[in-house]
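The numbering of the sequence shown is my numbering, which starts it at 106 and goes up by one.
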Amino acid sequence: MSSSVDRLSALLEQFRARARLFHTGPMCGLTRFAPETGRGFLHVLRRGQMEVRHLPGSGLPRRLALAEPTLLFYPRPVRHDFHNPPQDGSDFTCATLDFDGGARNPLVRALPPLIALPLARVQGLEQALALLFAETESVRCGQRLLADKLFEVVLIQLLRWLIDHPAEAGIQAGLMAGLADPRLARALVAMHQAPGSPWSLAELASEAGMSRSAFAVAFKAAVGQPPADYLADWRLALAQARLREGRPVKAIAAELGYANASALSRAFSRKLGASPRAWLDNPAEASEC
106 MSSSVDRLSA LLEQFRARAR LFHTGPMCGL TRFAPETGRG FLHVLRRGQM EVRHLPGSGL
166 PRRLALAEPT LLFYPRPVRH DFHNPPQDGS DFTCATLDFD GGARNPLVRA LPPLIALPLA
226 RVQGLEQALA LLFAETESVR CGQRLLADKL FEVVLIQLLR WLIDHPAEAG IQAGLMAGLA
286 DPRLARALVA MHQAPGSPWS LAELASEAGM SRSAFAVAFK AAVGQPPADY LADWRLALAQ
346 ARLREGRPVK AIAAELGYAN ASALSRAFSR KLGASPRAWL DNPAEASEC
């Protein structure tokens, strides 16, 4: 794909992921990671062997044995337990990930609940991980802040690799599959960068360099929904983010291409079952989305 097409920046500028280092070093015995709303985990097994366990009904393997340096990425809240030897346990560097928008973060929704990849398979991680490991091996000024930023770099490198290798990561239809297609990616990036533009099917197809019919079929097959539905969902996700920032509904509507505040309220109610104001006044809804 042409390097002139940046498939991630517009997404990550609108919906940031913030990493926070919370462990570096050995883990021995049983370590349990409880799910928290809107929070994911990124674990890097540096050495040793271990077994990861998941609860029945989670959709994940009950037991996953690891015997080589491996990256474990949980984009959504999932309980997972590490079982390590009681002595000379495995060596880890771990961070929590807080995603803007929580469960409705477009990237979070587009990823499987677990991505487990041997480090040797993910090209591009070596330098970022080397800096991260070096930073966590001794206490220095600004260590935690720098380690957090380096974990965010690791995440971006991982997302790059996932877009280029969706099948190896087990990614099916969705945003990541669309970004993996060079033609569809150009249309998706255009929507991400200019959500308020009155995009027509013909204009999006032109961005992709395809006919309208071929674009519509390919987009739905890869992303899982028609282009107009994806654009509507992207605008509503941005509207939710703007509401949480305290922006007025009228200004949000103008920015995102709605005719007026009433048009935004109608679209909001159809999709989420509540007006923007009612949704914002419900702390449980606003914090989960």
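The C-beta atom is built at its ideal place from N, Cα and C for all residues, glycine as well.
Practice task
For R349, verify whether its CB is less than 7 Å away from any heavy atom of the ligand MG.
Solution key: For the structure depicted, the ligand MG is absent and the ligand set is empty, with no information on it obtainable.
Practice task
Any chance you could list the alpha helix (DSSP H) runs of at least 4 consecutive residues sitting entirely within the stretch 283–321, in chain order?
Solution key: 287–298 and 306–313
Practice task
Give a yes or no on whether the C-beta atoms belonging to P191 and R144 are separated by under 8 Å.
Solution key: no
Handout entry: A200 and L147 closer than 8 Å at C-beta
Key = yes
Problem - Given T142 as reference, the closest of M132, V258, D111 and F204 once Cα atoms are compared - result: F204
Handout entry: V354, enclosing alpha helix (DSSP H) - first and last residue
Key = V354 to E360
Problem - Outcome for N387 when other beta-carbon atoms lying within 10 angstroms are tallied against a minimum of 16 - result: exposed
Exercise for the section: Would you check if the distance between the CB atom of L176 and the CB atom of L224 is smaller than 8 Å? Expected result: yes
Exercise for the section: Measure the C-alpha to C-alpha separation of R375 and R347 and round it to an integer number of angstroms. Expected result: 18 Å
Handout entry: Beta-ladder partner(s) of L147, from DSSP
Key = F178 and A200
Problem - Rounded C-alpha distance that separates G247 from E240 - result: 10 Å
Practice task
For A327, collect the residues of the same chain with a Cβ closer than 7 Å to its Cβ; drop the 5 residues on either side in sequence, then sort them by chain order.
Solution key: A278, A282, G283, D286 and L289
Practice task
Within the same chain, show all residues whose beta-carbon is closer than 7 Å to that of E360, passing over the 5 residues directly before and after it, in chain order.
Solution key: G301
Exercise for the section: Report all residues from its chain with a CB closer than 7 Å to the CB of W304; omit the five preceding and five following residues, and keep chain order. Expected result: M296 and L336
Handout entry: I261 (DSSP reduced to helix, strand or coil)
Key = helix
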